[in-house]
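Chemist:
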Amino acid sequence: MTLGLFVTGTDTGVGKSLASAALLHALARHHTRVVGMKPVAAGAEPHGGQLANEDAVLLRAASTVAVPPALDNPVLLPDPLSPHIAAARAGVRIHIPAIVQSYRQLAERADAVVVEGAGGFHVPLSDTETGADLAQALDLPVVLVVGLRLGCLSHAALTLDAIRARGLTLAGWVVNRVDPHMLAPEDNIAWLRQHLRAPLLAELPHQPQPDARALASRYQLPAWLTDRT
């Protein structure tokens with residue numbers, strides 16, 4: 254059975270893509286076929302002769318399985334905006350059932366799939382649906398990336414409540430030290446340990462030039478994530 258994880262964050266810009274790519278590298282030490290998925294990506298630039306999103310490119314570099322872009326990034330929007338605005342400007346409708354189908358096709362080709370959501374957990378995908386609806390439709394254990402900066406405790410608690418309200422499980426969380434000048438970081442991490450009540454999978458240091466492969470060693474994966482059966 255394929256292992257699947259949905260990665261969300263306390264906000265945009267907290268390092269979800271870096272944490273997801275490092276997680277893929279960590280999982281690849283235990284699973285032969287690992288692949289990342291960026292279901293909805295807003296912001297495209299030329300890459301290798303075609304348009305691509307930088308987050309999707311980072312996940313592909315950390316994957317051990319090459320798949321068509323239509324599977325690992327089924328919704329690619331040109332403008333770096335909230336997905337619902339970017340989709341409207343591009344004349345595109347984000348269709349959650351189609352994304353779920355792409356995920357299922359990925360799962361058939363891989364031992365482990367890491368799905369990185371867009372923005373925060375409730376990022377709007379349309380006037381009526383959000384990233385939380387996508388996470389609920391995929392029905393995967395959730396990994397929460399906490400960008401360690403002022404305000405992150407409230408954001409983490411609110412996101413945890415939203416995850417549980419959807420009937421989903423917080424499988425673990427990742428601390429990313431996005432602000433190297435933050436005061437009392439250890440006190441904040443202690444609060445998160447107490448209140449999130451889930452395993453701390455990794456603590457990622459601040460890096461001027463982030464290296465996902467090097468950060469893989471920061472992950473301490475529980476047995477259910479490393480089991481090959």
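Just so we're aligned: the sequence shown equals residues 254 to 482 in the numbering used here.
We treat Cβ as the ideally placed atom computed from N, Cα and C, and that holds for glycine.
(1) Would you check if the distance between the CB atom of E369 and the CB atom of L312 is smaller than 8 angstroms?
(2) In terms of residue numbering, what span does the alpha helix (DSSP H) encompassing H300 cover?
(3) Going by DSSP, name the residue or residues bridged to L329.
(4) Using alpha carbons as the reference points, say which of A424, T412, L413, A309 lies closest to G257.
(5) Distance check for A315 and I347, CA to CA, integer angstroms please.
(6) Counting C-beta neighbours from all protein chains within 10 Å, is the total for M290 16 or more, i.e. buried, or is it exposed?
(7) Closer than 8 angstroms by C-beta to A343: which residues in its own chain qualify, once you throw out the five before and the five after it? Chain order, please.
(8) Cβ atoms of V395 and A385: under 8 angstroms apart, would you say?
(9) What is the rounded straight-line gap between the Cα of A365 and the Cα of T381?
(10) Grab the span of the alpha helix (DSSP H) containing Q389 for me, first residue to last.
(11) Who does W551 pair with in a DSSP beta bridge?
(12) Using a threshold of 8 angstroms, state whether the C-beta atoms of V287 and V320 are closer than that.
(13) Exposed or buried, which one is R402 when buried takes at least 16 other CB atoms within 10 Å?
(14) Which whole-angstrom value describes the C-beta separation of N326 and A363, a residue pair presumed to lie in contact below a C-beta threshold of 8 angstroms?
(15) If you run the structure through DSSP and keep just helix, strand and coil, what is Q354?
(16) Name the residue from Q460, V427, A340, A418 whose alpha carbon lies nearest to the alpha carbon of H434.
(17) So, at 8 angstroms on beta carbons, what are the nonlocal neighbours of T261 in its own chain, with the 5 sequence-adjacent residues on each side left out?
(18) Between the alpha carbons of L457 and A339, how many angstroms are there, rounded?
(19) Exposed or buried, G420, counting other C-beta atoms within 10 Å across all chains shown (16 or more means buried)?
(20) Which class does T255 belong to by DSSP, given the choice of helix, strand or coil?
(21) Buried or exposed: which applies to G213, given that a residue is buried once 16 or more other Cβ atoms fall within 10 Å of its Cβ?
Modeler: Based on what the coordinates show:
(1) Taking the first residue of the sequence shown as 1, we reach residue 369 at position 116. Taking the first residue of the sequence shown as 1, we reach residue 312 at position 59. Yes.
(2) Counted from its first residue, the sequence shown places residue 300 at position 47. Looking at the DSSP string, H300 is not in any alpha helix (DSSP H); the run it does join, the beta strand (DSSP E), is 298-300.
(3) Position 76 of the sequence shown, counting from 1, holds the residue named residue 329. DSSP, once it has assigned bridges, lists A294 as partnering L329.
(4) Translated into positions along the sequence shown, residue 257 becomes position 4. Of the residues A424, T412, L413, A309, the one whose Cα lies closest to the Cα of G257 is A424.
(5) The residue you call residue 347 lines up with position 94 of the sequence shown. The residue you call residue 315 lines up with position 62 of the sequence shown. Cα to Cα, I347 sits roughly 26 angstroms from A315.
(6) As a position in the sequence shown, residue 290 is number 37, starting the count at 1. Under a 10 Å Cβ-count criterion, M290 is classified as buried, with 16 or more other Cβ atoms of the shown protein chains found around its own Cβ.
(7) Locating residue 343 in the sequence shown gives position 90, where the first residue counts as 1. Closer than 8 angstroms at the Cβ level, and outside the excluded window around A343, lie L330, P331, D332.
(8) Indexing the sequence shown from 1 puts residue 385 at position 132. Indexing the sequence shown from 1 puts residue 395 at position 142. It is not a contact, given that the beta carbons lie outside the stated cut-off.
(9) By 1-based counting over the sequence shown, the position of residue 365 is 112. By 1-based counting over the sequence shown, the position of residue 381 is 128. If I take the Cα positions, the gap works out to 30 angstroms.
(10) Taking the sequence shown and counting its residues from 1, one reaches residue 389 at position 136. Unbroken alpha helix (DSSP H) run through Q389: 384-391.
(11) The displayed coordinates of the chain run from 254 to 482. Any statement about residue 551 would go beyond what the structure contains.
(12) Within the sequence shown, the letter at position 34 stands for residue 287. Within the sequence shown, the letter at position 67 stands for residue 320. No.
(13) Working through the sequence shown from its first residue, we reach residue 402 at position 149. By the neighbour-count criterion, in which a residue is buried when 16 or more other Cβ atoms sit within 10 angstroms of its Cβ, R402 is buried.
(14) Sequence index remark: in the sequence shown, residue 326 carries index 73 (1-based). Sequence index remark: in the sequence shown, residue 363 carries index 110 (1-based). No, N326 and A363 are not in contact; Cβ-Cβ is about 15 angstroms, not under 8 angstroms.
(15) In the sequence shown, the residue the question calls residue 354 occupies position 101. DSSP places Q354 in the helix class (H, G or I) of the three-state scheme.
(16) As a first step, residue 434 must be located in the sequence shown, where it is residue number 181. Looking at the Cα atoms, Q460 is the closest of the given residues.
(17) Here residue 261 refers to the residue found at position 8 of the sequence shown. A distance below 8 angstroms between beta-carbons, with the five flanking residues on each side excluded, links T261 to the following residues of its chain, in chain order: K269, G370, G373, F374, G384, A388, V395, V396, L397, V398, T412, I416.
(18) The count along the sequence shown starts at 1 and reaches residue 457 at position 204. The count along the sequence shown starts at 1 and reaches residue 339 at position 86. The C-alpha of A339 is placed about 30 angstroms away from the C-alpha of L457.
(19) Your numbering for residue 420 matches position 167 in the sequence shown. Exposed, since its Cβ has fewer than 16 Cβ neighbours within 10 Å.
(20) One-based indexing of the sequence shown puts residue 255 at position 2. Coil at T255, not helix or strand.
(21) Any answer about residue 213 is impossible in this case: the structure gives the chain only from 254 up to 482.
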